[in-house]
Amino acid sequence: MCGRYASSRRPDDLVSYFEVEDPPEEELAPSWNVAPTDPVYAVVQSREGVRQLRVLRWGLVPSWSKDAKGAARMINARSESVREKPAFRKAWTSRRCLAPADGCYVWKQEGSTQQPSHLSAPDPLARAGLYRHCKTPGVAWL
């Protein structure tokens, strides 16, 4: 995942596109600069096999963490090591999801400065994600 991305689609559009049976109760405001720890939409599947669109916080909080302060650092997992890293291992086995986005930002080095470029597609981008529930009732992190 990129460090920042855009998310402006309405929940109804995502429910239709991802064939979700259970839409979220909460509607998020559009954002063209979604940052780690922001609330975001995620497509998850319940144990009963029902696909849901849920609002999660972006950033994974490891199970051993006493608080969510480190979540902003846990936004990317390498496909080569996600199964072995302690922070991701348990979520990898049973809590996978899709993280919809309208586009993401890639930074290019231009001389001594960096310039963002926005990559997008007409349909929502479906990025792979992992999630976990936290000790706080009703809170989950992507």
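Note that the numbering used here has the sequence shown beginning at -14, numbered continuously upward.
We put the CB at the ideal spot given by N, CA and C, even for glycine.
C-alpha of THR98 to C-alpha of VAL91: approximately 13 Å in a straight line.
Around the Cβ of ARG63, a 10 Å sphere holds fewer than 16 other Cβ atoms; the residue is exposed. The alpha-carbon of GLU6 is positioned some 6 Å away from that of VAL35.
Annotation for TYR90: no alpha helix (DSSP H) segment contains it, though the beta strand (DSSP E) segment containing it runs 81 to 95.
Between the segment 12 to 20 and the segment 108 to 122 there are fewer than three inter-stretch CB-CB distances shorter than 8 Å, so the stretches are not counted as touching. Here ALA84 is actually not in contact with ALA(-9); their C-beta atoms are around 12 Å apart, not less than 8 Å.
If you draw a straight line from the Cα of GLU33 to the Cα of PRO107, it is about 31 Å long.
Put simply, the backbone Cα of GLU95 is about 40 Å away from that of LYS75.
For TYR26, the uninterrupted beta strand (DSSP E) segment begins and ends at 24 to 30. DSSP lists no beta-bridge partner residue for LEU13.
By the beta-carbon neighbour count (other beta carbons within 10 angstroms, threshold 16), ALA86 is buried. Assigned with DSSP and collapsed to three states, TYR(-10) falls in strand.
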